[in-house]
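For reference, the structure discussed in these notes is given below.
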Amino acid sequence: MPDSAASSSPAAATAIIGAGIGGIATAVRLAVAGHRVVVFEAQESFGGKMHQLELPGGYRFDGGPSLFTLPHLVDDLFRLAGRDPRDYFRYQRLDPITEYFFADGTRLTAWADEEKFAREIEAKLGTPAADVLAFLARSGRAYEATAGTFLQKSLHKAGTYLSPEVLKALAALPQLGLTSTMHQRHQAAFSDPRLVQLFDRFATYNGSDPYQAPATLSMIPHLEHGIGAFYPEGGIYAIAQSLVRLAQELGVEFRYCEPVREILVSAGSRVTGLRTDQGSYQFDQVVSNMDVVPTYRHLLAAQPAPERTLAQPRSSSALIFYWGIGRRFPELGVHNIFFSEDYKREFEAIFREQTISADPTVYVNITSGHTPTDAPAGHENWFVMINVPHDQGQDWPALVVQTRAAVLRRLSQALGTDLAPLIRAEHVWDPPGIAARTSSFGGALYGSSSNNTLAAFLRHPNFSGRLKGLYFCGGSVHPGGGIPLCLLSAQIVSDLLKD
Ligand SMILES: Cc1cc2nc3c(=O)[nH]c(=O)nc-3n(C[C@H](O)[C@H](O)[C@H](O)COP(=O)(O)OP(=O)(O)OC[C@H]3O[C@@H](n4cnc5c(N)ncnc54)[C@H](O)[C@@H]3O)c2cc1C
1 MPDSAASSSP AAATAIIGAG IGGIATAVRL AVAGHRVVVF EAQESFGGKM
51 HQLELPGGYR FDGGPSLFTL PHLVDDLFRL AGRDPRDYFR YQRLDPITEY
101 FFADGTRLTA WADEEKFARE IEAKLGTPAA DVLAFLARSG RAYEATAGTF
151 LQKSLHKAGT YLSPEVLKAL AALPQLGLTS TMHQRHQAAF SDPRLVQLFD
201 RFATYNGSDP YQAPATLSMI PHLEHGIGAF YPEGGIYAIA QSLVRLAQEL
251 GVEFRYCEPV REILVSAGSR VTGLRTDQGS YQFDQVVSNM DVVPTYRHLL
301 AAQPAPERTL AQPRSSSALI FYWGIGRRFP ELGVHNIFFS EDYKREFEAI
351 FREQTISADP TVYVNITSGH TPTDAPAGHE NWFVMINVPH DQGQDWPALV
401 VQTRAAVLRR LSQALGTDLA PLIRAEHVWD PPGIAARTSS FGGALYGSSS
451 NNTLAAFLRH PNFSGRLKGL YFCGGSVHPG GGIPLCLLSA QIVSDLLKD
């Protein structure tokens, strides 16, 4: 196919670099809009961070994301293509959502129903249910006031700022907490430090630090508690699988094991195609779903890069232990959080010292309760994750050994059993491994962090201001990382291309 892509077809020919969830969703949208779409993927299969893995003994894991919110954004893609989403992809609302284990031994269940959750908090922590409901309602109002504007439109087109809806959202910003941090907001709302810790954790949903991130991010709990957390039938990987099936039905071509080496640019600063080891291809547009930093550094090495944007601090990364566990733990659900004693110390370690604290909060995701084929009968598949800094050359082998011991100590103590002998299979994914598999700069999970007030405006736009025909989707650009925002980036790119 080299050198023939665009010329043989009257439809606009668009290349997408990367088959991450943002790239797949963009491919679907552009195919529906009549483009001829080719997706170039460096790996042997699709999904990027949203991949799956199997370990000996019959354990299957979702490799990356585990929490799924705003499922209608996936449904929208099937409907856009005139399909019934339920013919491709099914999911159920999770209830309970999360099992919390605090350092002092307190256990708390986050129920899907807000009132039931608030009553549980009153019973276990003593904070009046009315205070919890008032906080969640405020989180919902903040989300409703801003999400439509800040997440669903390009912030980098003058036209965005002309609509009355956007002006209203901008006017609402000061009351949403641009001058205080998330942690300060939660401290003002609750006197129980455990509840503050519980809501502070939502900063990690986009790889940020609650002690630095603006209070605006206190709207994140609304996604889970107001709208809901969901579990896709078959696990998270089913999202990518079902969308790739749709994309293929729409005629999208996926070229695996074909990393893009260069984005080709004409003398007039127009993108003309791309180059891989197999040759050069002409395209009318190129959409990069690859992290924006390596896109500039490696694929556009001869072009000036937006240095200020690329220098934004990175989000956190993750250290994940995938464990096949030879026993069932009925007290655990799909999402389980084992909090550390000193949350502040944990974030100082990640964001100031670029290391992992000795007592990190541990997240355990278990899908075999909902998808029994994910583990042999009587066993479980544990995805055990710690928030860690992005890779800056730390001694990861040493950090992995030290953190594995800390995690085993914490989990064994909380569950009252020695966990180590129950591990039947194991795989570890660390920040350098995440970077190597997905090209994400430093293995950061969500591109840049949201640790300052202007972070939303400092993310790279969904288009290049300098190179015509170059667009960007995925977690490293606007509106941000995480499955829902990557899906929204695809919507913004396809809207920009329509314009
Ligand atoms: C451990 C972990 C836990 C997470 N937890 C959650 C969660 O619970 N909920 C949530 O919503 N989100 C979560 N996330 C974040 C979420 O997974 C990501 O934001 C999202 O999947 C990123 O999608 P993307 O479109 O940016 O593409 P990516 O997944 O980053 O994929 C980019 C693709 O581009 C390909 N590529 C790179 N360079 C090239 C090249 N030169 N040529 C061709 N192809 C190339 C890569 O191989 C890759 O397939 C998590 C991520 C991780 C890693």
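Using full-length UniProt numbering, the letters of the sequence shown correspond one by one to residues 1 to 499. The beta-carbon is built from N, C-alpha and C at its ideal position, and this holds for glycine as well. Bear in mind that the values here come from a model prediction, so they are computed numbers and not experimental data.
For residue 244, collect the residues of the same chain with a Cβ closer than 8 Å to its Cβ; drop the 5 residues on either side in sequence, then sort them by chain order. Position 244 of the sequence shown holds residue 244. 19, 24, 46, 254, listed in sequence order.
What residue does the beta strand (DSSP E) around residue 26 start on, and which one ends it? The residue given as residue 26 occupies position 26 in the sequence shown. Run containing residue 26: none in the beta strand (DSSP E); it sits in the alpha helix (DSSP H), 21-32.
Taking 7 Å as the cut-off, does the CB of residue 20 come closer than this to any heavy atom belonging to ligand 1? Working through the sequence shown from its first residue, we reach residue 20 at position 20. The answer is yes for residue 20.
What separation, rounded to the nearest whole angstrom, lies between the Cα atoms of residue 382 and residue 403? Stepping through the sequence shown from its first residue, residue 382 is reached at position 382. Stepping through the sequence shown from its first residue, residue 403 is reached at position 403. Cα to Cα, the separation comes out at about 16 Å.
Please determine whether the Cβ atom of residue 233 lies at a distance below 7 Å from any heavy atom of ligand 1. What you label residue 233 is simply residue 233 of the sequence shown in a count that begins at 1. Outside the cutoff, so no.
With 16 as the cutoff for other CB atoms within 10 Å, does residue 291 come out buried or exposed? Position 291 of the sequence shown, counted from the start, is the residue given in the question as residue 291. Buried is the call here.
What did DSSP end up calling residue 468 once you bin it into helix, strand or coil? What you label residue 468 is simply residue 468 of the sequence shown in a count that begins at 1. Note: residue 468 maps to strand in three-state DSSP.
Counterpart residues of residue 324 in DSSP-defined beta bridges: What you label residue 324 is simply residue 324 of the sequence shown in a count that begins at 1. Answer is 381, 425.
Are the segment 336-348 and the segment 299-309 touching by the rule of at least three beta carbon pairs closer than 8 Å? Contact annotation: the segment 336-348 does not touch the segment 299-309, with fewer than three C-beta pairs closer than 8 Å.
If you follow the beta strand (DSSP E) that residue 232 is in, where does it begin and where does it stop? As a first step, residue 232 must be located in the sequence shown, where it is residue number 232. Segment 230-232, the beta strand (DSSP E) holding residue 232.
Determine, using beta-carbon pairs with one atom in the segment 203-218 and one in the segment 233-240, whether at least three such pairs fall under 8 Å. no
Entirely within the segment 434-490 and at least 4 residues each: give me those alpha helix (DSSP H) ranges in chain order. 455-458
Going by other Cβ atoms of all chains shown within 10 Å of its Cβ, with 16 needed for buried, is residue 284 buried or exposed? Walking along the sequence shown from the start, residue 284 turns up at place 284. Its Cβ being crowded by 16 or more others within 10 Å, residue 284 is buried.
Among all the DSSP beta bridges, which residues are the ones paired with residue 260? Taking the sequence shown and counting its residues from 1, one reaches residue 260 at position 260. DSSP, once it has assigned bridges, lists 276 as partnering residue 260.
Could you please give the first and the last residue of the uninterrupted beta strand (DSSP E) stretch that includes residue 149? For the purposes of this step, residue 149 is taken as residue 149 along the sequence shown, with counting starting at 1. It is not in any beta strand (DSSP E) - residue 149 instead sits in the alpha helix (DSSP H) that spans 129-150.
Within the present structure, is the beta-carbon of residue 43 separated from the nearest heavy atom of ligand 1 by less than 7 Å? For the purposes of this step, residue 43 is taken as residue 43 along the sequence shown, with counting starting at 1. For ligand 1, at least one heavy atom lies less than 7 Å from the Cβ of residue 43.
By alpha-carbon positions, which one of 444, 153, 355, 342 ends up nearest to residue 104? If you number the sequence shown from 1, residue 104 lands on position 104. Of 444, 153, 355, 342, the residue nearest in Cα terms is 342.
Where does residue 498 land, buried or exposed, given buried means 16+ other C-beta within 10 angstroms? Working through the sequence shown from its first residue, we reach residue 498 at position 498. Classification for residue 498: exposed.
Going along the chain, which residues of its own chain have a beta-carbon closer than 6 Å to the beta-carbon of residue 500, five neighbours each way excluded? The displayed coordinates of the chain run from 1 to 499. Any statement about residue 500 would go beyond what the structure contains.
Residue 62 - partner residues in DSSP beta bridges: Your numbering for residue 62 matches position 62 in the sequence shown. When DSSP reads this structure, residue 62 sits in a beta bridge with 52.
Nearest-angstrom Cα distance between residue 293 and residue 345? Along the sequence shown, read from residue 1 onward, the residue named residue 293 stands at position 293. Along the sequence shown, read from residue 1 onward, the residue named residue 345 stands at position 345. Each residue's alpha carbon lies about 29 Å from the other.
How big is the Cα-Cα spacing for residue 143 and residue 488? Reading the sequence shown from its first residue, position 143 is the one you call residue 143. Reading the sequence shown from its first residue, position 488 is the one you call residue 488. C-alpha separation (whole angstroms): 15 Å.
Helix, strand or coil for residue 361, going by three-state DSSP, please let me know. Within the sequence shown, the letter at position 361 stands for residue 361. If DSSP states are grouped into helix, strand and coil, residue 361 belongs with coil.
Ignore the nearest five residues each way along the sequence and tell me which others in residue 197's own chain have a CB closer than 7 Å to its CB. Taking the first residue of the sequence shown as position 1, residue 197 is located at position 197. Here the set comprises 339, 343.
Would you list the one or two residues that DSSP bridges to residue 253? Counting from one through the sequence shown, the residue named residue 253 turns up at place 253. Bridge partners of residue 253: 38.
How close, in whole Å, do the beta carbons of residue 434 and residue 388 come, if the pair is a contact with beta carbons under 8 Å? Mapped onto the sequence shown, residue 434 falls at position 434. Mapped onto the sequence shown, residue 388 falls at position 388. Contact flag wrong, Cβ pair sits at about 10 Å.
Leaving out the 5 sequence neighbours to the left and right, which residues in its chain are closer than 8 Å to residue 496 when beta-carbon positions are compared? By one-based count along the sequence shown, residue 496 stands at place 496. Closer than 8 Å at the Cβ level, and outside the excluded window around residue 496, lie 154, 157, 462, 463, 471.
Which same chain residues end up closer than 6 Å to residue 41 when comparing Cβ atoms and leaving out the 5 residues on each side of it in sequence? Counting from 1 along the sequence shown, the entry for residue 41 is found at position 41. Answer for residue 41: 19, 256, listed in chain order.
Residue(s) in a DSSP beta bridge with residue 108: Counting from one through the sequence shown, the residue named residue 108 turns up at place 108. Answer is 100, bridged to residue 108.
Three or more beta-carbon pairs under 8 Å between the segment 352-367 and the segment 406-415, yes or no? yes
Taking C-beta to C-beta, are residue 468 and residue 271 nearer than 8 Å? For this step, residue 468 is matched to residue 468 along the sequence shown. For this step, residue 271 is matched to residue 271 along the sequence shown. Contact flag set, yes.
Under DSSP, the alpha helix (DSSP H) around residue 199 begins and ends at which residues? As a working note, residue 199 is residue 199 in the sequence shown. For residue 199, the uninterrupted alpha helix (DSSP H) run begins and ends at 193-200, by DSSP.
Alpha carbon to alpha carbon, how far is residue 353 from residue 185? Give it in angstroms, no decimals. On the sequence shown, position 185 is the one that residue 185 refers to. On the sequence shown, position 353 is the one that residue 353 refers to. Straight-line Cα distance between these residues: approximately 25 Å.
So does the segment 474-484 actually touch the segment 432-446, counting three or more Cβ pairs closer than 8 Å? Yes, the segment 474-484 touches the segment 432-446.
Other residues of its chain near residue 59: CB distance less than 6 Å, five sequence neighbours each side excluded: For the purposes of this step, residue 59 is taken as the residue at position 59 of the sequence shown. Excluding its 5 nearest sequence neighbours in each direction, residue 59 has C-beta neighbours in its own chain below 6 Å: 324, 375, 381, 425, listed in chain order.
By the three-class DSSP mapping on this structure, what secondary structure does residue 4 have? Position 4 of the sequence shown, counted from the start, is the residue given in the question as residue 4. For residue 4, the predicted structure reports a pLDDT of 42, less than 50, and the residue's modelled location is therefore unreliable. A value from the coordinates is still provided. In the structure shown, residue 4 sits in coil (DSSP, three-state: anything other than H, G, I, E or B).
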